[in-house]
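The structure appears below as structure tokens.
There are 2 protein chains.
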Amino acid sequence: MKKLINHPADVVRDALAGIAAAHPDLTVDHEQRFVRRADAPVAGKVGLVSGGGSGHEPLHAGLVGHGMLDAACAGEVFTSPVPDQILAATRAVDGGAGVLHIVKNYTGDVLNFEMAAELAAESGIEVASVVVDDDVAVQDSLYTAGRRGVAATLLVEKIAGAAAEQGRSLAAVAALAQRVDDCSRSMGVALTSCTVPAAGTPTFDLPETEMELGIGIHGEPGRSRVPLAPAAEIARLLVDPVLADLDRGGDDVLLFVNGLGGTPSIELYVMYKEVATLLAKEGVHVARSLVGSYVTSLDMAGCSVTLLRLDDELAALWDAPVQTPALRWGR
Amino acid sequence: MKKLINHPADVVRDALAGIAAAHPDLTVDHEQRFVRRADAPVAGKVGLVSGGGSGHEPLHAGLVGHGMLDAACAGEVFTSPVPDQILAATRAVDGGAGVLHIVKNYTGDVLNFEMAAELAAESGIEVASVVVDDDVAVQDSLYTAGRRGVAATLLVEKIAGAAAEQGRSLAAVAALAQRVDDCSRSMGVALTSCTVPAAGTPTFDLPETEMELGIGIHGEPGRSRVPLAPAAEIARLLVDPVLADLDRGGDDVLLFVNGLGGTPSIELYVMYKEVATLLAKEGVHVARSLVGSYVTSLDMAGCSVTLLRLDDELAALWDAPVQTPALRWGR
Numbered sequence: 027m028k029k030l031i032n033h034p035a036d037v038v039r040d041a042l043a044g045i046a047a048a049h050p051d052l053t054v055d056h057e058q059r060f061v062r063r064a065d066a067p068v069a070g071k072v073g074l075v076s077g078g079g080s081g082h083e084p085l086h087a088g089l090v091g092h093g094m095l096d097a098a099c100a101g102e103v104f105t106s107p108v109p110d111q112i113l114a115a116t117r118a119v120d121g122g123a124g125v126l127h128i129v130k131n132y133t134g135d136v137l138n139f140e141m142a143a144e145l146a147a148e149s150g151i152e153v154a155s156v157v158v159d160d161d162v163a164v165q166d167s168l169y170t171a172g173r174r175g176v177a178a179t180l181l182v183e184k185i186a187g188a189a190a191e192q193g194r195s196l197a198a199v200a201a202l203a204q205r206v207d208d209c210s211r212s213m214g215v216a217l218t219s220c221t222v223p224a225a226g227t228p229t230f231d232l233p234e235t236e237m238e239l240g241i242g243i244h245g246e247p248g249r250s251r252v253p254l255a256p257a258a259e260i261a262r263l264l265v266d267p268v269l270a271d272l273d274r275g276g277d278d279v280l281l282f283v284n285g286l287g288g289t290p291s292i293e294l295y296v297m298y299k300e301v302a303t304l305l306a307k308e309g310v311h312v313a314r315s316l317v318g319s320y321v322t323s324l325d326m327a328g329c330s331v332t333l334l335r336l337d338d339e340l341a342a343l344w345d346a347p348v349q350t351p352a353l354r355w356g357r
Numbered sequence: 027m028k029k030l031i032n033h034p035a036d037v038v039r040d041a042l043a044g045i046a047a048a049h050p051d052l053t054v055d056h057e058q059r060f061v062r063r064a065d066a067p068v069a070g071k072v073g074l075v076s077g078g079g080s081g082h083e084p085l086h087a088g089l090v091g092h093g094m095l096d097a098a099c100a101g102e103v104f105t106s107p108v109p110d111q112i113l114a115a116t117r118a119v120d121g122g123a124g125v126l127h128i129v130k131n132y133t134g135d136v137l138n139f140e141m142a143a144e145l146a147a148e149s150g151i152e153v154a155s156v157v158v159d160d161d162v163a164v165q166d167s168l169y170t171a172g173r174r175g176v177a178a179t180l181l182v183e184k185i186a187g188a189a190a191e192q193g194r195s196l197a198a199v200a201a202l203a204q205r206v207d208d209c210s211r212s213m214g215v216a217l218t219s220c221t222v223p224a225a226g227t228p229t230f231d232l233p234e235t236e237m238e239l240g241i242g243i244h245g246e247p248g249r250s251r252v253p254l255a256p257a258a259e260i261a262r263l264l265v266d267p268v269l270a271d272l273d274r275g276g277d278d279v280l281l282f283v284n285g286l287g288g289t290p291s292i293e294l295y296v297m298y299k300e301v302a303t304l305l306a307k308e309g310v311h312v313a314r315s316l317v318g319s320y321v322t323s324l325d326m327a328g329c330s331v332t333l334l335r336l337d338d339e340l341a342a343l344w345d346a347p348v349q350t351p352a353l354r355w356g357r
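The listed protein sequences derive, respectively, from chains A and B.
For the first sequence, my numbering assigns the number 27 to the initial residue and increments by one for each residue that follows.
For the second sequence, my numbering assigns the number 27 to the initial residue and increments by one for each residue that follows.
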């Protein structure tokens with residue numbers, strides 16, 4: 027295993043210390059392992075809390091800041107944060123207007139966020155939750171009942187974050203977050219396995235001539251093992267199932283081509299070109315774009331494609347100012 | 027070779043098409059292979075042109091936009107752009123105040139930018155040049171006389187870009203760019219080799235237990251092959267030579283921890299923590315930070331550390347608004 031780390035057991039602690047040192051706008055609770063806006067709680071604003079296992083950076087800690095998350099809880103690598111952590115983060119960002127939990131659909135995350143929400147409610151904090159499940163690859167999976175939550179989580183966090191910043195109510199922000207999830211579909215492909223630091227060896231074997239189509243962001247099996255293919259063919263293998271599953275209300279979409287951690291920018295732009303070409307042929311208009319490694323699986327090489335069906339409201343909230351380590355514009 | 031590409035010969039063309047499709051603020055000249063601000067030339071503003079071999083993305087095309095570059099020329103992978111390309115880009119962004127060429131110190135780049143500058147001068151465009159050579163690892167190298175230009179190129183582009191946006195003269199912007207280079211030092215480490223698409227196999231062999239200290243961004247040899255080490259030790263191996271070579275006028279620095287393409291964000295933050303810890307012990311105050319994969323070497327795993335000695339002027343220009351695909355803030 028070749029990684030820029032100290033002891034494998036210290037990766038999450040060390041990375042959180044790095045985030046704290048690099049970003050003075052953020053405050054890290056090293057005891058409870060969550061990252062929050064230094065100015066949280068923002069009085070009268072709905073607080074947004076997300077989190078999950080580490081290893082998907084910049085999701086979630088790199089998306090904390092003005093216009094997006096108020097706090098992110100960091101579990102161990104590929105392991106859900108515990109209810110106490112989530113409860114502490116929820117308390118830390120409650121500005122009196124309630125807190126929205128944004129949860130990726132993995133059994134451990136869903137249970138622990140539910141428990142934290144109950145505990146928060148007992149202490150008088152109103153909590154709503156949205157469970158993100160955008161991955162069309164498989165119905166159930168290694169750690170999931172139903173579909174997995176993957177890259178659309180970022181879109182939910184951005185758009186719900188913008189709505190919260192505008193002062194909308196908890197019910198309104200939660201409904202909007204749910205709508206983003208409903209209008210998003212994703213699928214990914216792995217060219218290589220990731221390596222979990224504590225394991226020290228690749229999570230799965232993938233021959234030099236094959237790729238895993240429909241990969242999960244923890245290395246969970248996808249739909250099928252298929253021969254390595256040119257980018258144009260890979261794009262088709264990802265776009266077809268995403269489009270087939272996406273209700274085509276309008277034809278404006280946000281296209282998000284996401285790297286899985288070990289894939290450089292030049293390849294993501296090659297993929298973007300192929301995906302955009304296919305969408306143009308289908309009459310789908312890409313109105314907004316995001317290209318980069320935002321929802322990763324440690325050092326896995328590969329990418330995912332996410333489409334979000336846009337309307338004017340969602341587009342305006344996407345465009346609204348955001349100020350986080352990984353996503354910044356408009357201020 | 028596992029990459030998200032079509033034919034290896036088409037990687038640069040395809041990536042440029044992706045950039046054009048994803049970023050409506052940018053215009054790509056597919057014939058001459060340069061990316062420019064869609065609103066270039068900006069009348070009365072010094073134009074900034076950079077470029078070099080592809081494979082270092084987002085450097086340079088991802089750094090074109092308001093407050094930074096006006097155009098970036100894309101050579102083939104790890105191959106300098108040709109003089110005609112650079113001349114075309116120079117003409118396209120000349121707003122009457124002259125054009126600054128920002129050139130990484132590799133023999134091919136330096137010669138080709140020089141020739142383009144002469145041709146531009148013959149057609150009446152005033153051109154100044156700065157050659158970036160921040161890499162303390164080696165004095166001469168495979169493609170370089172003198173030191174190599176690496177991650178400080180981004181800092182030069184950002185700070186000179188902000189000065190140009192303020193309406194400063196060509197001489198003033200060029201002097202500032204030179205000052206940023208003079209005040210910057212970098213060193214990198216590779217955990218794995220990159221693989222050039224046209225070659226199809228790793229550029230060099232690196233055993234599972236070793237790393238290449240002082241690596242160049244084309245896989246050129248560094249200072250030494252040393253045993254793999256924990257992040258804290260790697261940080262020391264990079265920071266010591268950088269600090270030893272940096273004139274410590276003031277003690278405020280910008281710290282840039284840069285990923286080489288195959289290294290995920292979580293590891294960069296672990297490295298950031300270790301580097302920041304060492305600097306604190308040395309009494310060096312980190313006043314600004316950048317963490318991410320901006321100056322890459324295709325899919326190489328590893329990182330580089332760059333320090334820029336800051337004064338108030340450089341810090342203010344760093345903070346100035348920038349609006350590019352890879353670096354955006356303040357607008």
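Glycine included, C-beta positions come from ideal geometry on N, C-alpha and C.
These numbers were taken from a predicted model, which means no experiment stands behind them.
Asked: Contacts of A48 (chain A) in chain B (Cβ-Cβ under 9 Å); Found: L281, V283, Y295, Y298, K299, A302, V312, S315, L316 and V317
Asked: Closer than 7 Å to chain A by CB, S195 (chain B); Found: no
Asked: Beta-ladder partner(s) of I128 (chain A), from DSSP; Found: A:V156
Asked: Contacts of P84 (chain A) in chain C (Cβ-Cβ under 7 Å); Found: The chain inventory of the structure shown lacks chain C, comprising the protein chains A and B.
Asked: Among A:G287, A:L316 and A:V265, the one whose alpha carbon lies nearest that of E300 (chain A); Found: A:V265
Asked: Where Q165 (chain A) sits in the DSSP three-state scheme; Found: coil
Asked: Nearest to V241 (chain B) (by Cα), restricted to the options B:L137, B:P228 and B:R249; Found: The question names Val, yet the displayed sequence has Ile at residue 241 (chain B). Cα-wise, what sits closest to I241 (chain B) is B:R249.
Asked: Cβ neighbours of H244 (chain B) in the same chain (closer than 6 Å, five flanking residues each side left out); Found: F104
Asked: Alpha-carbon spacing of A41 (chain A) relative to G122 (chain B), whole angstroms; Found: 47 Å
Asked: Under 9 Å from the C-beta of N138 (chain A): neighbouring residues of chain B; Found: Here the premise fails: no neighbours, minimum Cβ distance about 21 Å.
Asked: Local Cβ density within 10 Å of S319 (chain A), reported as buried at 16 or more and exposed below that; Found: buried
Asked: Helix, strand or coil at R62 (chain B) according to DSSP, with G and I counted as helix; Found: strand
Asked: 3-residue-minimum beta strand (DSSP E) runs that sit fully inside the region 261-341 of chain A, ordered along the chain; Found: 278-285, 311-318 and 328-335
Asked: Closer than 9 Å at the beta carbon, the chain B residues around E234 (chain A); Found: M27 and K28
Asked: Partner residues on chain B for G78 (chain A), Cβ-Cβ distance less than 7 Å; Found: By Cβ distance, chain B contributes nothing, its closest Cβ being about 13 Å from G78 (chain A), past 7 Å.
Asked: Rounded C-alpha distance that separates D345 (chain B) from V61 (chain B); Found: 24 Å
Asked: N- and C-terminal bounds of the beta strand (DSSP E) containing R211 (chain A); Found: S210 to A216
Asked: Contact between the region 202-215 of chain B and the region 327-340 of chain B (3+ Cβ pairs under 8 Å); Found: yes
Asked: Segment contact, 8 Å Cβ cut-off, at least three pairs: the region 340-354 of chain B with the region 33-53 of chain B; Found: yes
Asked: Among B:G93, B:G81 and B:H92, nearest to C99 (chain B) - alpha-carbon criterion; Found: B:G81
Asked: Simplified DSSP state of R251 (chain B), which is helix, strand or coil; Found: strand
Asked: Which of helix, strand or coil DSSP assigns to E144 (chain A); Found: helix
Asked: DSSP state of G78 (chain A) mapped onto helix, strand, coil; Found: strand
Asked: DSSP beta-bridge partners of V103 (chain A); Found: A:S80
Asked: Nonlocal neighbours in the same chain, by C-beta distance under 6 Å from P233 (chain B), ignoring five residues either side; Found: none
Asked: Sub-7 Å separation of A87 (chain B) and A115 (chain B) beta-carbons; Found: no
Asked: Residue from A:G288, A:L281 and A:G285 whose Cα sits closest to the Cα of R335 (chain A); Found: A:L281
Asked: Backbone secondary structure at R173 (chain A) - three-state DSSP; Found: coil
Asked: Nonlocal neighbours in the same chain, by C-beta distance under 6 Å from S315 (chain B), ignoring five residues either side; Found: L281
Asked: Assumed close pair D135 (chain A), S167 (chain A) - CB separation to whole angstroms, cut-off 8 Å; Found: Contact flag wrong, Cβ pair sits at about 13 Å.
Asked: Sub-7 Å separation of G187 (chain A) and L74 (chain A) beta-carbons; Found: yes
Asked: Through-space distance from D160 (chain B) to S210 (chain B), alpha-carbon basis; Found: 6 Å
Asked: Under 7 Å between C-beta atoms of V279 (chain B) and L294 (chain B); Found: no
Asked: Beta-carbon gap between L324 (chain A) and P256 (chain B) smaller than 7 Å; Found: no
Asked: Own chain partners of D337 (chain A) with C-beta closer than 7 Å, once the 5 adjacent residues on each side are dropped; Found: G276
Asked: Endpoints, the alpha helix (DSSP H) within which E183 (chain A) is located; Found: A178 to E191
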